[in-house]
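Residue numbers (this note's numbering), protein chains in the order written: chain A, 119 to 234; chain B, 679 to 790.
Built from N, CA and C at the ideal position, the CB exists for glycine as well.
Quantities reported herein were computed from a predicted structural model and do not represent experimental measurements.
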């Protein structure tokens with residue numbers, strides 16, 4: 119059963135803590151993405167990776183870090199430097215190549231992070 | 679000008695009617711266009727992708743693309759209560775870049 123999994127579903131963080139959100143895919147996709155969604159807002163790109171051991175900053179990378187050591191995994195760390203981390207975090211993936219259909223992104227179920 | 683704009687405000691439609699959603703984008707070089715449906719508290723799921731000018735139909739959904747006017751629309755025919763959700767428009771400016779820009783979404787409420 120192919121897909122994208124994210125864990126945990128809900129996460130609570132105390133101020134000053136770093137937390138790591140997990141994203142795993144078994145779709146054999148090369149590219150993976152992290153987005154943040156705030157209420158009433160569209161999705162904003164945090165980081166993306168088009169190949170193992172390489173990643174690029176998106177539009178709102180400050181206060182976040184990522185790694186891409188395996189094709190299947192793209193964890194996101196929300197650091198204490200992120201001042202307003204409460205949001206819905208979405209991981210996505212696609213084939214990562216050019217061409218019709220290859221750029222379609224598929225989303226995991228999301229992690230809802232709340233700062234206490 | 680925002681990269682991707684969707685007209686604001688919830689759209690209420692009676693069951694069985696047509697819901698029409700519009701999206702405009704700023705980059706004339708945009709190549710591919712997507713509509714996602716997002717239920718409250720859930721992640722977006724792909725409804726349609728469209729790459730060429732004209733209409734593309736899939737079941738009760740029709741996407742329309744007009745690159746000259748820089749807009750893409752989504753029609754939902756025979757609207758059902760299960761269509762009540764937020765619909766997100768997304769645009770990929772470049773093949774190979776694969777960075778999508780998203781609109782804020784349009785909420786659709788289908789009234790039984």
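Using a cut-off of 7 Å between C-beta atoms, extract the partners of residue i located in chain A.
i, result
"residue 688 of chain B", "The premise fails here: residue 688 of chain B is roughly 11 Å from chain A at the closest Cβ pair, so nothing lies under 7 Å."
"residue 710 of chain B", "221"
"residue 770 of chain B", "221"
Please confirm whether residue i has its beta-carbon closer than 9 Å to some beta-carbon of chain A.
i, result
"residue 697 of chain B", "no"
"residue 782 of chain B", "yes"
"residue 714 of chain B", "yes"
"residue 729 of chain B", "yes"
"residue 700 of chain B", "no"
"residue 723 of chain B", "yes"
"residue 682 of chain B", "yes"
"residue 776 of chain B", "yes"
"residue 745 of chain B", "no"
"residue 734 of chain B", "no"
Out of curiosity, what's the CA-to-CA distance linking residue i and residue j?
i, j, result
"residue 759 of chain B", "residue 179 of chain A", "38 Å"
"residue 220 of chain A", "residue 749 of chain B", "22 Å"
"residue 197 of chain A", "residue 709 of chain B", "35 Å"
"residue 787 of chain B", "residue 763 of chain B", "7 Å"
"residue 208 of chain A", "residue 150 of chain A", "11 Å"
"residue 125 of chain A", "residue 781 of chain B", "26 Å"
"residue 163 of chain A", "residue 729 of chain B", "22 Å"
"residue 205 of chain A", "residue 137 of chain A", "13 Å"
"residue 699 of chain B", "residue 767 of chain B", "9 Å"
"residue 696 of chain B", "residue 732 of chain B", "19 Å"
Check the Cβ-Cβ distances between residue i and every residue of chain B, and say whether any is below 9 Å.
i, result
"residue 200 of chain A", "no"
"residue 218 of chain A", "yes"
"residue 286 of chain A", "Residue 286 of chain A lies beyond the range of chain A shown here (119 to 234); nothing can be said about it."
"residue 192 of chain A", "no"
"residue 227 of chain A", "yes"
"residue 208 of chain A", "yes"
"residue 176 of chain A", "yes"
For residue i, which residues in chain B fall below 7 Å Cβ to Cβ?
i, result
"residue 179 of chain A", "Residues of chain B passing the Cβ test: none, with the nearest at roughly 13 Å."
"residue 160 of chain A", "766, 780, 781, 782 and 783"
"residue 212 of chain A", "776"
Given a cut-off of 9 Å, decide if residue j and residue i are closer than it, judged by their beta-carbon atoms.
i, j, result
"residue 226 of chain A", "residue 690 of chain B", "no"
"residue 231 of chain A", "residue 131 of chain A", "yes"
"residue 712 of chain B", "residue 727 of chain B", "yes"
"residue 724 of chain B", "residue 223 of chain A", "yes"
"residue 139 of chain A", "residue 121 of chain A", "no"
"residue 166 of chain A", "residue 777 of chain B", "yes"
"residue 148 of chain A", "residue 169 of chain A", "yes"
"residue 765 of chain B", "residue 744 of chain B", "no"
"residue 681 of chain B", "residue 741 of chain B", "no"
"residue 761 of chain B", "residue 715 of chain B", "yes"
"residue 176 of chain A", "residue 203 of chain A", "no"
"residue 183 of chain A", "residue 195 of chain A", "yes"
For a contact meaning CB atoms closer than 9 Å, what does residue i contact in chain A?
i, result
"residue 753 of chain B", "Near residue 753 of chain B there are no residues of chain A at all, since even the closest Cβ is about 20 Å away, more than 9 Å."
In chain B, what lies closer than 9 Å to residue i by C-beta?
i, result
"residue 121 of chain A", "Here the premise fails: no neighbours, minimum Cβ distance about 11 Å."
"residue 166 of chain A", "776 and 777"
Which bits of chain B does residue i rub up against, with CB to CB less than 8 Å?
i, result
"residue 224 of chain A", "724"
"residue 163 of chain A", "777 and 778"
"residue 145 of chain A", "What residue 145 of chain A touches in chain B: nothing, since even the nearest Cβ is about 13 Å away."
Identify every run of the beta strand (DSSP E) within the stretch 158-224 of chain A, keeping only runs that are complete inside it and at least 3 residues long; order them along the chain. 161-169, 172-175, 182-184, 194-196 and 205-212
What ranges does the beta strand (DSSP E) occupy inside the stretch 706-784 of chain B, keeping only unbroken runs of at least 3 residues that lie completely in it? 710-716, 723-728, 732-736, 739-744, 749-754, 763-770 and 778-780
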